[in-house]
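A.B. asks: Below: one structure in structure tokens.
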Amino acid sequence: MLTTSDILKKVKELEIKSKRLTRHLFTGEYHSAFKGRGMSFKEVREYHAGDDIRFIDWNVSARFNATFSKLFEEERELTVILLVDVSASSLFGTVHARKKDLVTEIGAVLSFSAISNNDKVGAILFSEGIELYVPPKKGRDHGLFIVRELLTLEGKKKGTNLTQALKFLNNTTRQKCIVFLLSDFLDPDFADALRVAGKKYDVVGIKVYDPMDMNLPDVGLLDVEDAESGAITTIDTSDFLVRKSHHDAFFQHTEWTKQVFNKAGCDLLHISTKEDYVKVLQKFFIGRA
Numbered sequence: 026m027l028t029t030s031d032i033l034k035k036v037k038e039l040e041i042k043s044k045r046l047t048r049h050l051f052t053g054e055y056h057s058a059f060k061g062r063g064m065s066f067k068e069v070r071e072y073h074a075g076d077d078i079r080f081i082d083w084n085v086s087a088r089f090n091a092t093f094s095k096l097f098e099e100e101r102e103l104t105v106i107l108l109v110d111v112s113a114s115s116l117f118g119t120v121h122a123r124k125k126d127l128v129t130e131i132g133a134v135l136s137f138s139a140i141s142n143n144d145k146v147g148a149i150l151f152s153e154g155i156e157l158y159v160p161p162k163k164g165r166d167h168g169l170f171i172v173r174e175l176l177t178l179e180g181k182k183k184g185t186n187l188t189q190a191l192k193f194l195n196n197t198t199r200q201k202c203i204v205f206l207l208s209d210f211l212d213p214d215f216a217d218a219l220r221v222a223g224k225k226y227d228v229v230g231i232k233v234y235d236p237m238d239m240n241l242p243d244v245g246l247l248d249v250e251d252a253e254s255g256a257i258t259t260i261d262t263s264d265f266l267v268r269k270s271h272h273d274a275f276f277q278h279t280e281w282t283k284q285v286f287n288k289a290g291c292d293l294l295h296i297s298t299k300e301d302y303v304k305v306l307q308k309f310f311i312g313r314a
């Protein structure tokens, strides 16, 4: 159990790490990936050093024998919502971190990326029900509050109900916003709710998994407990067919989740607890720019 001083120390560490990543890696990419959407043309002006060369107006430049750039007006401030699964399966982890620890770090980075761009950020933490709702606001203190809740809150209920979380989002958030949905998606029936949310919001799913979710070690008989249902089963991990069945089930679920997001018109990232999430997020941001 974390003490108050442990919590404060960890929150400070996450703030420092998140701000460093935001400053050196994500500010430009976040800005291009999200704030550049829906920009409207404002005017043409003479090119200044540092202007984006993609916006040079070659026709005007040729006519006046000088270089001119197009200027665009950005969208108003954005709202970012973190929709975070805190069900019992998030507490599983066998390598560098639990799924919850990885989700907390990613949530911290996304929060401070939004705040550094003067955007609002809010959070909905859910399991079978809504565990916590933090309305969107600006500012460092608000970002720290969200990070502290991500770090310390554990779901009162063990299961996962993505449909209820998405419906709650729809009922509480009227304006268009960017929604980062962080979960292992151990819910067999959320396709309809995601399709509705995908029409209203810019939804980005982040599927977090542990290597053992994919591959079982060959260690003989194991008693395994389903973290969400509590069911206990004995399996023989030395049996190749048992390991293959586990492996195949993981990829079937992964493929199904991809199809659900594709049909809803939403993006989906996959990040392992042993993976460098910074590279995955940066590649995604750049790809959307």
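For the sequence shown, my numbering puts the final residue at 314, and the numbers step up evenly by one.
Glycine residues also receive a C-beta, built at the ideal position from the N, C-alpha and C atoms.
With DSSP as the reference, identify every bridge partner of isoleucine 149, one or two as the case may be.
C.D. replies: Looking up residue 149 in the sequence shown gives position 124. Note: isoleucine 149 sits in a beta bridge opposite Leu108 and Tyr158.
A.B. asks: Does the separation of the CB atoms of alanine 139 and glutamate 253 fall below 8 angstroms?
C.D. replies: As a working note, residue 139 is residue 114 in the sequence shown. As a working note, residue 253 is residue 228 in the sequence shown. Not a contact, by the Cβ cut-off of 8 angstroms.
A.B. asks: Here's the rule: buried if 16 or more other CB atoms are within 10 angstroms of the residue's CB, otherwise exposed. What is aspartate 273?
C.D. replies: Position 248 of the sequence shown holds residue 273. When all chains shown are included, aspartate 273 counts as exposed.
A.B. asks: Taking the continuous alpha helix (DSSP H) assigned at tyrosine 72, which residues delimit it?
C.D. replies: As a first step, residue 72 must be located in the sequence shown, where it is residue number 47. Careful: tyrosine 72 lies outside any alpha helix (DSSP H) and carries neither H nor E.
A.B. asks: Between which residues of its own chain and glycine 212 is the CB-CB distance below 6 angstroms, once the five residues before and five after are set aside?
C.D. replies: Along the sequence shown, read from residue 1 onward, the residue named residue 212 stands at position 187. Glycine is not the amino acid found at residue 212; the sequence shown has aspartate there. The residues are Thr185 and Leu187.
A.B. asks: Report the option in Lys308, Phe310 and Lys299 whose CA atom is closest to the CA atom of glycine 118.
C.D. replies: Here residue 118 corresponds to residue number 93 of the sequence shown, with the count starting at 1. Answer by Cα proximity: Lys299.
A.B. asks: Can you check which of these residues, Val233, Asn195 and Pro236, is closest to glycine 223 by C-alpha distance?
C.D. replies: For this step, residue 223 is matched to residue 198 along the sequence shown. It is Asn195.
A.B. asks: Locate the alpha helix (DSSP H) running through phenylalanine 302, then write down its first and last residues.
C.D. replies: As a first step, residue 302 must be located in the sequence shown, where it is residue number 277. The residue asked about is misnamed: residue 302 is tyrosine in this sequence, not phenylalanine. Per DSSP, tyrosine 302 belongs to the alpha helix (DSSP H) from 302 to 313.
A.B. asks: Anyone know if the C-beta pair for leucine 169 and isoleucine 32 falls short of 8 angstroms?
C.D. replies: In the sequence shown, the residue the question calls residue 169 occupies position 144. In the sequence shown, the residue the question calls residue 32 occupies position 7. No, Cβ-Cβ distance for leucine 169 and isoleucine 32 is not below 8 angstroms.
A.B. asks: Quick one: what's got a C-beta closer than 7 angstroms to glycine 290's C-beta in the same chain, skipping five residues either side?
C.D. replies: As a working mapping, residue 290 is identified with position 265 in the sequence shown. These residues qualify, in order along the chain: Gly223.
A.B. asks: Nearest by alpha-carbon distance to aspartate 76: which of Ala87, Asn84, Glu68 and Leu96 is it?
C.D. replies: The count along the sequence shown starts at 1 and reaches residue 76 at position 51. Measuring from the Cα of aspartate 76, the nearest candidate turns out to be Leu96.
A.B. asks: One question on the structure: do glutamate 13 and leucine 157 come within less than 8 angstroms of each other, judged by their Cβ atoms?
C.D. replies: Only positions 26 to 314 of the chain appear in this structure, which leaves residue 13 out of reach.
A.B. asks: So what does DSSP say about glutamate 250, is it helix, strand or coil?
C.D. replies: In the sequence shown, residue 250 corresponds to position 225, counting from 1. Strand, per DSSP.
A.B. asks: Secondary structure at histidine 295, three-state DSSP: helix, strand or coil?
C.D. replies: Counting from 1 along the sequence shown, the entry for residue 295 is found at position 270. Here histidine 295 sits in strand by DSSP.
A.B. asks: Mind the definition here: the region 293 to 309 touches the region 222 to 236 only if three or more C-beta pairs lie below 8 angstroms; say whether that holds.
C.D. replies: yes
A.B. asks: Sorted by chain position, which residues of the same chain lie with C-beta nearer than 6 angstroms to aspartate 258's C-beta, five sequence neighbours on each side aside?
C.D. replies: For the purposes of this step, residue 258 is taken as residue 233 along the sequence shown, with counting starting at 1. The question names aspartate, but residue 258 is threonine in the sequence shown. If we look at threonine 258 and ignore the five residues flanking it on each side, its Cβ neighbours are Val249.
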